[in-house]
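K.L.:
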Amino acid sequence: VYETLENKVVAKRSSWVEALCSHNGKLYDGGGYDKVYETLENKIVAERSGWVRALCSHNGKLYDGGFYNKVYETLENKAVAERGDSVYALCSHNGKLYDGGYYKKVYETLTNKALVNKRITAMCSVDKEIVSKILEARK
Numbered sequence: 008v009y010e011t012l013e014n015k016v017v018a019k020r021s022s023w024v025e026a027l028c029s030h031n032g033k034l035y036d037g038g039g040y041d042k043v044y045e046t047l048e049n050k051i052v053a054e055r056s057g058w059v060r061a062l063c064s065h066n067g068k069l070y071d072g073g074f075y076n077k078v079y080e081t082l083e084n085k086a087v088a089e090r091g092d093s094v095y096a097l098c099s100h101n102g103k104l105y106d107g108g109y110y111k112k113v114y115e116t117l118t119n120k121a122l123v124n125k126r127i128t129a130m131c132s133v134d135k136e137i138v139s140k141i142l143e144a145r146k
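Heads up: the sequence shown at position 68 corresponds to 75 in the working numbering, and the numbers run straight through without jumps.
1) Take the Cβ of residue 145 as the centre, count every other Cβ of all protein chains shown within 10 Å, and call the residue buried at 16 or more, exposed below.
2) Within the continuous beta strand (DSSP E) that includes residue 121, where are the two ends?
3) Taking one C-beta from the stretch 26-42 and one from the stretch 60-73 each time, how about it: are there three or more such pairs within less than 8 Å?
4) Under the three-state reduction of DSSP, which class applies to residue 111: helix, strand or coil?
5) When the Cα atoms are used, what is the spatial distance from residue 58 to residue 92?
6) Taking the alpha carbon of residue 126 as the point to measure from, which residue in 94, 35, 137 and 78 has its own alpha carbon closest?
7) Under three-state DSSP, which class holds residue 59?
8) Take residue 113 and list the residues in its own chain whose beta-carbon comes closer than 8 Å to its own, dropping the five residues that flank it on each side.
The structure is reproduced here in structure tokens:
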């Protein structure tokens with residue numbers, strides 16, 4: 008893990024870093040090493056049975072998903088959703104947590120409501136005003 012602008016290594020991992028997330032003033036990372044670390048302290052905060060692909064801070068809690076087909080409340084080590092395949096993306100938007108993955112759906116995670124039938128590998132919260140500007144510029 009690098010501090011990009013300084014090109015300085017702040018943490019080393021045994022495999023690919025797949026997810027980074029700032030949560031409550033701390034940086035967390037997950038990846039091909041089947042763990043979630045508090046990055047700058049090099050402290051393992053969760054262990055999983057597969058790669059960690061997504062981390063997301065939502066309503067004061069940190070969540071993770073990955074090749075273990077579940078979404079966890081990371082720091083409590085509590086599974087909050089189970090999926091039929093790998094979770095690739097988590098996103099907090101307008102007070103709701105969403106997950107997408109290889110299971111070809113996007114869910115409102117905490118209610119388990121399926122919203123979109125698409126395979127998703129990344130998600131990002133974008134303000135409606137920005138989306139409107141993008142769509143207007145495309146005309």
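All residues carry an ideal CB built from backbone N, CA and C; glycine is no exception.
P.N.:
The answer reads as follows:
1) exposed
2) 120-123
3) yes
4) coil
5) 13 Å
6) 94
7) strand
8) 105, 106, 107, 121, 122, 123, 125, 127 and 130
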